[in-house]
Amino acid sequence: MDKMARMRELIDNLTNLAYHYYVLDKPIVSDYDYDKLYDELVSLEAETGVVLPSSPTLKVGGEVLSGFKKVRHEVKLYSLNKCNDYAGLNKFIDDVNKSVSKPNFTVEYKFDGLRIVAKYSGGVFVSASTRGDGEIGEDVTAQVKTIKSVPLKINYLGELTVAGEGVITVSNLEKYNKTANEKLKNPRNAVSGAIRNLDINETKKRNLDVVFYDLIKIDNDDLLKTQEDVQNFLKDNHFLVGQEFEICSSAQQIEKIIERVDKVKSRLDIQIDGLVIKLNNLKQREELGFTSKFPKWAIAYKFAPMEVTSILRDVEWHVGRTGKLTPIGIVDPVELAGAVVSRATLNNYDDILRKRIKLNSRVFIRRSNEVIPEILGLAEELDGAEDILQPKNCPSCSEKLQKDGVQVFCNNPTCREKVISKLTYFASKKCMNIEGLRDKIIEMLYSNNKLHTFADFYKLKREDLQGLEGFQDKKINNVLNSINNSKNCELAKFLSSLSIDGVGEKTSKDLAKQFKNLDAIINAKYDDLIRINDIGDIIAKNIISYFKDDKNLAQIRELLSLGVSIQDVQENSVNKENFFYNKKFVLTGTLKNYTRDEAGKIIESFGGIVASSVSKNTNYVLYGAEAGSKLDKAKSLGVKTITEQDFETQLNAIRNN
């Protein structure tokens, strides 16, 4: 195929994809897939010197929805040129340096949402619109007025037009999805669907934000000289702004910020897909000007994609330690967030039906928080698509499955995959912490009839480990020593290791703190259990049922007879006036002198409470280096924050009294 024919093919394909993305609000490929086609077209246009009249490279955005009033922007809104490597970044810096003497740059988050333009007059919010095609947008005044973080009154009394990004925090999206009839795929779709919705009640329900970052027009041109001035002006007028804002004078400084943010981006509560680098001086921006599509004074550095599309080929059903079956999608290998992905979770069968996912169809895949990727939904149903069937029998032991709510379970206590999952969890770091026995080794020991119960860990002999792959004398000694060391166990970790349905790390800690010893937990009454926060009817009944089972009690007695010693929780006579007592702490980031687990235990030893998530009931967030979304959320909620130095100051004050 010659270059012109390929360009026409790309234009047709991109136009169709843009229609699904911008007009129908139902994208059929990921941003990454679209960008690859777009970049190929840009490259061919550069090679041939021809830009066809219908080329999407001549456009800034999408078309306006017919259900909205059209709004013509006072000033054309440009999109940003982009790069995804340091070579592209350095070229941008070099180009600016050719025209501007000693420039400096601002670095901010690039939010993955919907661009919003807001107008103010006399200190009062007047209207809001979407970017649209850069010249004509959609009037979304009523929708934006429902967004609590958008001020309806500001200090500046002149004529003002500002721009920002409509976003939804990850935590607000999760909260919305808990009660929604149709769960939303990702933050970007959630925002677009809310703001471009004629029912403003739906907009309000999603609890959006607009993060402002740009000044489009102001009637006092001499008021602001730099992007730093713009940032401070926005703050002074109570606009929500991004947490990341730094000024740099070299590509090397910018690269360090890119590397830092790239490490923590998945932990942020607001979804970002890169960083925006802008020339700081506004006068110098005027001198540089624009291309037909982009400002010459700004660029977006885009991270490796967190969302892609691929073809779903098969579904495997995995049996977990509680017997719950989880469907895992097998997809054509695709690069995602720096790794090649061929497997992604589907959560449960109801999730498959809700997302309308079928075999041999194109699906959206997203990776969040550096864990197993998730299939978000159907992108495109292809020829040959097939329904996914829910299994009736366990894929591991062939026993008939039982349905409980949205989940299906294998209740066979001797199911191979279920038993191996339980054994693996028992030995994990968060439970008995037996080092050197990962899942594959446990599976081999199970197959060799050396490991079927928890007690069997403490019956393993040197000869049982000899001959296993990678097991020489030194490793065998280390494993046997680790097994012996694990016998002295905290009550909470022992409880967690038993795999009682619904009793994980947090609930185990709560039980240990309340009852102090194993006997008290074994004999706990229903009314005693449900008095504990976060233990409801189902978990309380699961605990009682577990300890009423003679087989489970026999297993515990055998562990004790083999030397496992479960530490009772000691009553601490702490001064109730100390800084930590009865206060709820959340820990985030990397501390210098403690692990987060160590710091958490210190807080609890003084009567404090350590929680995993930030809420309005949190008293303090203790943060270290590279703190992410929890610190951002604390600031947004007005929760007090303390550094490691503050933490140690309070410790020293207690110890010196």
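Mapping of the sequence shown onto my numbering: residues 43 to 699, in sequence order. In this text, a Cβ means the ideal position worked out from N, Cα and C, and glycines have one as well.
- request: Please work out which residues of its chain come closer than 8 Å, Cβ to Cβ, to LYS217, disregarding the five sequence neighbours upstream and downstream, and give them in chain order.
  value: ASN249
query: Does DSSP put ALA222 in a helix, in a strand, or in coil?
result: coil
message: If distances are taken between C-alpha atoms only, which option among VAL168, GLY179, PRO229 comes closest to LEU199?
response: VAL168
message: Measuring straight from C-alpha to C-alpha, what distance separates GLY447 and ASN389?
response: 13 Å
- request: Helix, strand or coil for SER403, going by three-state DSSP, please let me know.
  value: strand
query: In terms of residue numbering, what span does the beta strand (DSSP E) encompassing PHE689 cover?
result: No beta strand (DSSP E) contains PHE689, which is instead part of the alpha helix (DSSP H) from 686-698.
query: Going by alpha carbons, who is nearest to PHE275 out of ILE430, HIS62, ASN197?
result: ASN197
Same chain only: Cβ atoms within 8 Å of GLY426, ignoring 5 sequence neighbours per side: ASN402
- prompt: If you scan the segment 170-245 from start to end, which runs of the alpha helix (DSSP H) of 4 or more residues do you find wholly inside it?
  reply: 183-187, 212-221, 229-237
- prompt: Can you give the beta carbon distance from ILE430 to ILE372, rounded, assuming they're within the 8 Å contact cut?
  reply: The pair is not a contact, with the Cβ atoms about 12 Å apart (cut-off 8 Å).
- prompt: In three-state DSSP terms, what is TYR623?
  reply: coil
query: Would LYS658 be called buried (16 or more neighbouring beta carbons within 10 Å of its own) or exposed?
result: exposed
query: So, is ALA469 buried or exposed, given that buried needs 16 or more other C-beta atoms within 10 angstroms?
result: buried
query: Which two residues bound the contiguous alpha helix (DSSP H) that contains TYR74?
result: 73-90
Exposure label - MET348; buried when at least 16 CB within 10 Å: buried
task: Closer than 7 Å by C-beta to ILE623: which residues in its own chain qualify, once you throw out the five before and the five after it? Chain order, please.
output: The residue you asked about is not Ile; residue 623 is Tyr in the sequence shown. Around TYR623: VAL616, PHE648, GLY649, GLY650.
query: Using DSSP with H/G/I as helix, E/B as strand and the rest coil, what is LEU664?
result: strand
message: I need the straight-line Cα distance from TYR588 to THR466, nearest angstrom please.
response: 20 Å
query: Would you report the Cα separation of ASP374 and LYS124, rounded to the nearest angstrom?
result: 28 Å
field: Assumed close pair ALA232, ILE158 - CB separation to whole angstroms, cut-off 8 Å
entry: The Cβ separation is near 15 Å, so there is no contact.
- prompt: Quick one: what does DSSP say GLN612 is sitting in, helix, strand or coil?
  reply: coil
task: Helix, strand or coil for PHE281, going by three-state DSSP, please let me know.
output: coil
message: Along the chain, where does the beta strand (DSSP E) containing GLU148 start, and where does it finish?
response: Here residue 148 is Thr; the residue named in the question, Glu, does not match the sequence. Start and end: 147-153.
query: Is it true that the segment 71-88 meets the segment 48-56, where meeting means three or more beta-carbon pairs spaced less than 8 Å apart?
result: yes
query: Considering only the beta carbon of each residue, do LEU633 and GLU686 sit closer than 8 Å?
result: yes
query: Is the beta carbon of GLU485 less than 8 Å from the beta carbon of ILE462?
result: yes
query: Helix, strand or coil: which one does DSSP assign to ALA653?
result: strand
Closest Cα partner of ARG127 within the set ASN526, THR364, ILE341, ASN435: Residue identity differs from the one stated: residue 127 is Asp in this sequence, not Arg. The residue with the shortest Cα to Cα distance from ASP127 is ILE341.
field: Straight-line Cα distance separating PHE281 from ALA386
entry: 39 Å
- prompt: Is VAL166 helix, strand or coil when you go by DSSP?
  reply: strand
- prompt: By how many angstroms is the C-alpha of LEU479 removed from the C-alpha of THR211?
  reply: 39 Å
task: Would you decide whether ASN219 is buried or exposed? Buried here means 16 or more other CB atoms lie within 10 Å of its CB.
output: exposed
- prompt: So what's THR549 in DSSP terms, helix, strand or just coil?
  reply: helix
query: If you drop the 5 nearest sequence neighbours on each side, which residues of the same chain put their C-beta closer than 8 Å to that of LYS267?
result: ASN323, LEU324, LYS325
message: Whether or not the segment 305-325 and the segment 634-644 are in contact is what I'm after, with contact meaning three or more pairs of Cβ atoms, one per stretch, closer than 8 Å; do they touch?
response: no
message: Buried or exposed for ARG599, going by 16 or more other Cβ atoms inside 10 Å?
response: exposed
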